[in-house]
Each structure stands twice: as structure tokens, then as C-alpha cells.
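Engineer:
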């Protein structure tokens with residue numbers, strides 16, 4: 135009995151203590167991540183090699199699902215829609231977010247600043263389902279937008295803005311706009327005001343100052359926002375499903391539908407494609423921003439040490 | 031020159047105002063619909079009524095779903111806070127070879143498409159015979175919010191001064207005692223912050239829950255999602271208004287607690303920058 139206790143105490147000697155402490159600290163997270171996350175993904179990945187025929191799953195190690203996914207034009211159309219929507223949403227978010235962030239960063243009155251910040255981030259607290267519902271109300275055939283457009287005489291019988299790509303893009307921009315504002319606002323409020331003042335002292339007009347000083351300095355924030363919004367868009371499910379009403383087929387919607395009819399191999403392959411492409415997009419945006427940053431502001435960085 | 035500058039500025043304000051309207055419009059529309067009589071998707075509403083609010087009392091499924099959401103989110107957040115804080119402690123205070131890789135692994139659910147995770151959970155938990163219930167959802171969502179805890183608590187841990195801990199150790203306190211009396215109180219804020227971000231995030235989680243849950247354990251977003259796919263009556267608007275009020279209340283509480291803390295924005299920014307430079 136004593137020897138056993140000695141053993142245990144010895145095991146916890148100062149020499150071994152360090153890695154035992156580490157292991158004990160990491161263990162809960164490792165168990166959770168190992169079983170639920172890694173386990174789930176591995177099993178899911180395994181299903182990508184199965185065969186799906188006439189509504190039945192057949193176990194196997196085949197590349198059928200991969201081959202079908204990459205060779206059938208139908209899937210390329212899906213991929214095209216997904217990327218097109220993500221691209222449009224990112225572009226519109228950037229166009230709306232940059233002036234908004236610029237305005238917030240430039241505000242002197244703390245009250246106004248607080249109010250605009252609150253307005254920008256309030257939607258973030260509201261569920262995506264609720265916000266999609268709001269857009270459904272706004273965009274429907276007899277909804278507010280069409281009422282407004284008819285009143286303004288832009289159209290006679292109203293546009294159809296729901297259950298198509300336009301509606302999905304409008305709603306997604308709303309959902310992801312805060313994610314674009316945040317990083318841009320962050321770099322804009324950190325960037326040094328003396329650089330701007332120096333440029334103006336040297337005779338640059340406000341547009342020139344903006345184009346040569348402010349915009350390049352905020353490249354990092356823009357890249358960060360683009361990266362976040364684009365990848366979130368590629369994988370967005372709730373809004374395309376609800377606003378698209380099954381008629382705007384993006385990859386996540388497609389994956390969901392394949393799961394409902396238990397075509398797990400196809401769902402797995404499409405998911406893997408989605409994951410890989412969002413990682414590639416992230417890396418590309420990062421690389422692009424870095425190149426841009428170094429070319430534009432190496433001198434500035436040297437001056438700041 | 032001065033005039034044109036002022037003009038540009040005015041344009042900028044108008045633009046920012048327009049974007050703010052765009053951001054608020056859906057929420058206002060829901061509010062209007064919730065008190066309007068007649069069809070939900072028709073504008074303008076025919077009259078004002080509170081009958082949908084009265085009607086809400088009969089829709090017990092939303093109340094049950096709200097309770098399920100609370101249980102699932104609280105469970106997932108607690109699980110993520112405990113496992114995440116311990117792991118962050120191991121990675122930051124007791125660094126070991128491969129700690130960076132371990133960290134990247136723990137943070138990786140962030141980039142994983144949520145719909146992928148949802149399906150992976152469905153298959154895994156079906157095999158483990160726990161799919162359908164809230165327990166499975168708690169496990170799955172804890173994984174999804176673990177990155178928030180790990181990054182926020184991790185960066186707070188890295189910023190802590192070691193002098194306090196060393197002093198305690200010199201005075202004879204063991205590692206456990208140091209953790210509970212020195213480290214944990216200093217982490218209070220980041221625990222609260224990461225916990226609330228994680229809570230808001232899991233409360234809104236559709237993808238992982240949609241496939242995983244059985245009808246009696248539907249969470250609120252799922253109940254709303256499915257209700258919306260079938261009907262679109264103003265009951266949804268009422269539930270949404272209640273949810274918005276709930277979110278606002280939560281926001282105010284968090285804001286009150288955090289009021290004393292300056293530089294909160296840079297904390298957020300720091301997290302995002304950190305993540306980016308690692309990927």
C-alpha cells in the first residue's frame with residue numbers, strides 16, 4: 135500500500151510535474167475536440183468514399199462522388215453561384231462599410247460616435263433567422279420596398295426581389311456588414327493622424343491625401359474584412375435557404391438538401407470542396423494584402439521603425 | 031476648397047445615415063408587422079393590433095424552444111469556458127513543443143463551414159446513439175465556441191504580469207492556489223467577454239442544431255426557421271420582437287459590466303489580427 139502511494143507521489147515529483155500538469159490542463163479540451171470534432175470530421179470524411187445508388191448507401195473506397203462532383207457541369211454551376219453571391223456580397227459590403235467606418239472614425243462627438251457604433255453592431259445581436267425574416271417582409275411582392283418603388287414611380291407592378299439572387303445578396307450584405315466595418319474601423323482609428331496632417335501641409339488636397347495616405351494604410355483592415363466576409367458568405371446557409379426559398383442553390387444549401395436525402399457521400403465531397411476553397415481564398419487575400427502593403431508603404435513602415 | 035471639403039463631409043454623413051437606415055430597416059419592419067393586423071407580407075398594414083402578442087401565450091412551442099436554447103447555450107458556453115481556459119493556461123503558461131499546432135487545432139472550428147460540422151455531428155452522434163437531444167448539441171456547440179474562449183483568454187493570459195504569480199509562489203502558494211487566487215480573478219473580464227460572445231453565437235446557431243435535434247428539443251432559432259419555411263404569419267414577428275428585446279437587454283447588461291474597461295475595441299481588433307496572422 136505504502137509502495138503504491140510512494141509510486142504515485144514519485145510520479146508527481148518536480149521533474150515530472152511539468153508535463154503532468156500540462157497534460158491534465160489539456161486533457162478536457164483534447165477529449166472534447168478529439169472525439170466530437172476530429173471524430174465527427176473523420177467519420178464524415180470516410181463517407182465521402184462511399185457510393186450512393188438509388189437512395190442507398192454502399193460502403194466502399196471509391197472516388198465516385200469526387201469524380202461526379204468535379205466532372206458534372208451542374209455542380210460547377212452550383213460552385214459558380216456560390217462564388218458569385220459571395221463576390222457580390224463582399225463587394226457591396228466593402229462599398230457600404232468603408233465610408234461608414236471612415237465616418238465613424240472621423241467623428242469627434244462621442245455621443246454621435248456611440249450612436250453610429252450601436253446602430254452598426256445592433257443587428258449583430260439579432261439572430262440571422264430573425265433578420266432574414268425582416269428582409270422577407272421588406273422584399274416580398276407586396277412588401278415595403280415594392281410599395282416604396284411604386285410610390286416613387288420607379289416601377290408599376292413591383293420587382294420580384296425575393297426567392298432570387300438579388301434578395302439573397304441584399305440580406306447577406308445586411309448580415310455581414312458589421313464584420314466588414316469592424317476591421318476597417320480598427321485600422322482607421324489606429325492610423326496616425328500626423329501622417330494625414332503632414333500630407334496636407336505638403337499641399338495634398340483631401341482626395342489626394344485619402345488616396346495616397348488613408349486608403350493604403352487601411353489595406354490591412356480591408357483585407358481582413360474581405361477575408362472574413364467572403365469566407366462567411368461561402369459557407370452561409372440560413373439566409374440563402376430562407377430568402378432563396380430553394381431557388382438560389384449555393385453549396386451549403388445543396389449540402390443540406392443532400393443530407394436530407396441521406397446522400398452523404400455527395401454532401402461530404404461538397405463540404406470538403408467548400409472548406410478547401412474558403413481556406414484558399416483566405417490565403418490568397420492575405421498574400422494579396424501583404425504584397426499591396428509592402429509595395430505601398432514600405433517607406434512609411436521604415437520611418438516608424 | 032474649404033467649401034468642397036465641407037460638401038464631401040456632408041455627403042459622407044448622408045451616406046453613413048443611409049447605411050444606418052439600411053441596417054435598421056428589417057428590425058423596424060418586424061416591429062411594425064408584429065402590431066399590424068392582416069397579412070404579414072403586405073405593406074402598409076391595415077390596422078394596429080396587439081392580438082399577435084396575446085396569441086403568443088398559446089404558442090407554447092416557442093416557450094419550450096426558448097428554454098431549450100437557454101439550456102443548450104449555457105451548457106455549451108460553460109463547457110467551452112472550462113476546457114478552453116484550462117487549455118489556454120497550458121498553452122500560454124506551460125508552453126511545450128507543438129503548442130502552436132495544438133492552438134491552431136483548437137481554433138480551427140472557426141474556419142470550418144458550420145453546415146459541414148452539423149452533418150459531421152449528425153453522423154457521429156447517431157453512431158453514439160445520442161443524436162436528437164440537447165446533450166449532443168451542447169457537446170457540438172462547445173467545439174464551435176471553444177475558439178472564442180481560447181483566443182480571448184489566451185491573449186489575456188499572455189498579457190498578465192508574472193510578478194504576482196511569482197510573489198505568491200515565493201510565499202509558498204501551490205499552483206492550484208495561485209490559479210484560484212491570482213490568475214482566475216485577473217481573467218474575470220476576458221472570461222465574461224468570451225462567454226458572452228460565445229453565448230450570443232450559440233444562441234443563434236442554426237446549422238449544427240437543425241439536423242441534429244428532435245422535435246421536442248428544438249431550440250428557438252430552429253423553431254423559427256422551420257416555422258418560417260411553412261408559414262409566415264405575424265406570430266414570428268412577435269417572437270422576433272421578443273428576441274430583439276432579449277438581445278438588447280443582454281447587450282445593455284454586458285455594456286454596464288464592461289463600462290469600466292477602456293480599450294475594449296482594441297481587444298476585439300487584437301483578436302482578429304492575431305487570427306489573421308496565424309492563418
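Residue numbers (the working numbering), protein chains in the order written: chain C, 135 to 439; chain V, 31 to 309. Ideal Cβ positions, reconstructed from N, Cα and C, are used throughout, including at glycine.
Might you give, ordered along the chain, the residues of its own chain that have their beta carbon closer than 7 Å to the beta carbon of residue 138 of chain C, omitting 5 neighbours on each side?
Structural biologist: On the first chain, residue 138 of chain C is found 4 positions in, with the first residue counted as 1. Nothing listed; no residue qualifies.
Engineer: Can you list, in chain order, the residues of its chain whose CB lies under 7 Å from that of residue 232 of chain C, leaving out five sequence neighbours each side?
Structural biologist: On the first chain, position 98 is the one that residue 232 of chain C refers to. If we look at residue 232 of chain C and ignore the five residues flanking it on each side, its Cβ neighbours are 318.
Engineer: Check this for me: beta carbons of residue 62 of chain V and residue 308 of chain C, under 8 Å apart or not?
Structural biologist: The residue given as residue 62 of chain V occupies position 32 in the second chain. The residue given as residue 308 of chain C occupies position 174 in the first chain. Not closer than 8 Å, so no.
Engineer: Excluding the 5 residues preceding and the 5 following residue 178 of chain V in the sequence, name in chain order all residues of the same chain whose CB lies nearer than 6 Å to its CB.
Structural biologist: As a first step, residue 178 of chain V is located in the second chain; it is residue number 148 there, counting from the start. Excluding residues within five positions, the ones whose Cβ falls inside 6 Å are 224, 227 and 228.
Engineer: Can the beta-carbon of residue 205 of chain C be found less than 8 Å from the beta-carbon of residue 399 of chain C?
Structural biologist: Taking the first residue of the first chain as 1, we reach residue 205 of chain C at position 71. Taking the first residue of the first chain as 1, we reach residue 399 of chain C at position 265. Cβ distance not < 8 Å, so residue 205 of chain C and residue 399 of chain C don't count as in contact.
Engineer: Would you call residue 194 of chain C buried or exposed, if buried means 16 or more other Cβ atoms sit within 10 Å of its Cβ?
Structural biologist: In the first chain, counting from the first residue as 1, residue 194 of chain C sits at position 60. Exposed: under 16 other Cβ atoms inside 10 Å.
Engineer: When you compare only the Cα positions, how much space is there between residue 388 of chain C and residue 359 of chain C?
Structural biologist: Residue mapping note: residue 388 of chain C aligns to position 254 of the first chain, counting from 1. Residue mapping note: residue 359 of chain C aligns to position 225 of the first chain, counting from 1. Taking the straight line from one Cα to the other gives about 26 Å.
Engineer: To which residues does DSSP link residue 190 of chain C through a beta bridge?
Structural biologist: Within the first chain, residue 190 of chain C is the residue found at index 56, counting from 1. Paired residues: C:187.
Engineer: Please confirm if the region 135 to 144 of chain V is in contact with the region 248 to 264 of chain V, defined as three or more CB-CB distances below 8 Å between the two stretches.
Structural biologist: With a cut-off of 8 Å, the region 248 to 264 of chain V and the region 135 to 144 of chain V do not count as touching, because too few Cβ pairs lie within range.
Engineer: Using beta carbons (cut-off 8 Å, strictly below), is residue 146 of chain V in contact with chain C?
Structural biologist: Within the second chain, the letter at position 116 stands for residue 146 of chain V. Chain C, which has a Cβ nearer than 8 Å to the Cβ of residue 146 of chain V, makes this yes.
Engineer: Confirm, please, whether the CB-CB distance from residue 114 of chain V to residue 327 of chain C is below 8 Å.
Structural biologist: Within the first chain, the letter at position 193 stands for residue 327 of chain C. Within the second chain, the letter at position 84 stands for residue 114 of chain V. Cβ atoms of residue 327 of chain C and residue 114 of chain V: not closer than 8 Å.
Engineer: Quick one: give me the first and last residue of the alpha helix (DSSP H) that residue 253 of chain V is part of.
Structural biologist: If you number the second chain from 1, residue 253 of chain V lands on position 223. Residues 250 to 260.
Engineer: Should residue 410 of chain C go down as buried or exposed, given a rule of 16 or more other Cβ atoms within 10 Å for buried?
Structural biologist: Within the first chain, numbered from 1, the residue matching residue 410 of chain C stands at position 276. Label assigned to residue 410 of chain C: exposed.
Engineer: Roughly how many angstroms lie between the CA atoms of residue 36 of chain V and residue 340 of chain C, to the nearest whole one?
Structural biologist: Start at 1 with the first residue of the second chain, and residue 36 of chain V comes out as number 6. Start at 1 with the first residue of the first chain, and residue 340 of chain C comes out as number 206. Spanning the two alpha carbons is a distance of roughly 11 Å.
Engineer: Going along chain C in order, which residues have a C-beta closer than 7 Å to the C-beta of residue 170 of chain V?
Structural biologist: One-based indexing of the second chain puts residue 170 of chain V at position 140. Those within 7 Å of residue 170 of chain V in chain C are 170.
Engineer: Along chain C, in chain order, which residues have C-beta atoms closer than 7 Å to that of residue 56 of chain V?
Structural biologist: Position 26 of the second chain, counted from the start, is the residue given in the question as residue 56 of chain V. Within 7 Å Cβ-Cβ: 265, 268, 269, 272 and 308.
Engineer: What span of residues does the alpha helix (DSSP H) with residue 27 of chain V cover, start to end?
Structural biologist: Examination of residue 27 of chain V is not possible in this model, given that chain V is present from 31 through 309 alone.
Engineer: Does the Cβ-Cβ distance between residue 212 of chain C and residue 426 of chain C come in under 8 Å?
Structural biologist: One-based indexing of the first chain puts residue 212 of chain C at position 78. One-based indexing of the first chain puts residue 426 of chain C at position 292. Against a cut-off of 8 Å, the Cβ pair of residue 426 of chain C and residue 212 of chain C comes out as no contact.
Engineer: Establish whether the CB of residue 114 of chain V and some CB of chain C are separated by less than 8 Å.
Structural biologist: Taking the second chain and counting its residues from 1, one reaches residue 114 of chain V at position 84. By this cut-off, residue 114 of chain V is an interface position.
Engineer: Going along the region 239 to 263 of chain C in order, which residues come within less than 7 Å of chain V, judged by CB to CB distance?
Structural biologist: Answer in chain order: 250, 253, 254, 257, 259, 260, 261, 262 and 263.
Engineer: Does any residue of chain C have a CB that is nearer than 8 Å to the CB of residue 255 of chain V?
Structural biologist: If you number the second chain from 1, residue 255 of chain V lands on position 225. Yes - at least one Cβ of chain C is within 8 Å of the one on residue 255 of chain V.
Engineer: Only counting the same chain, and skipping five residues up and downstream in sequence, which positions put a Cβ closer than 7 Å to that of residue 308 of chain V?
Structural biologist: In the second chain, counting from the first residue as 1, residue 308 of chain V sits at position 278. Note on residue 308 of chain V: pLDDT 37, under 50, position unreliable in the model; the coordinate value appears next. Correct list, in chain order: 134.
Engineer: Determine the DSSP secondary structure at residue 77 of chain V, reduced to helix, strand or coil.
Structural biologist: For the purposes of this step, residue 77 of chain V is identified with residue 47 of the second chain, where counting begins at 1. Residue 77 of chain V: strand per DSSP, three-state reduction.
Engineer: Tell me residue 67 of chain V's beta-bridge partners as DSSP assigns them.
Structural biologist: Mapped onto the second chain, residue 67 of chain V falls at position 37. Its beta-bridge partners are V:77.
Engineer: Do you know offhand how far residue 188 of chain V's Cα is from residue 222 of chain V's?
Structural biologist: Counted from its first residue, the second chain places residue 188 of chain V at position 158. Counted from its first residue, the second chain places residue 222 of chain V at position 192. Distance between the alpha carbons of residue 188 of chain V and residue 222 of chain V: 17 Å.
Engineer: Could you compute how far the alpha carbon of residue 375 of chain C sits from the alpha carbon of residue 382 of chain C?
Structural biologist: The count along the first chain starts at 1 and reaches residue 375 of chain C at position 241. The count along the first chain starts at 1 and reaches residue 382 of chain C at position 248. Looking at the two C-alpha atoms, the distance is approximately 8 Å.
Engineer: Cutting at 6 Å between CB atoms, please list the residues of its own chain near residue 287 of chain C, excluding the five before and the five after it.
Structural biologist: As a first step, residue 287 of chain C is located in the first chain; it is residue number 153 there, counting from the start. For residue 287 of chain C, where only same-chain residues beyond five positions count, there are no Cβ hits under 6 Å.
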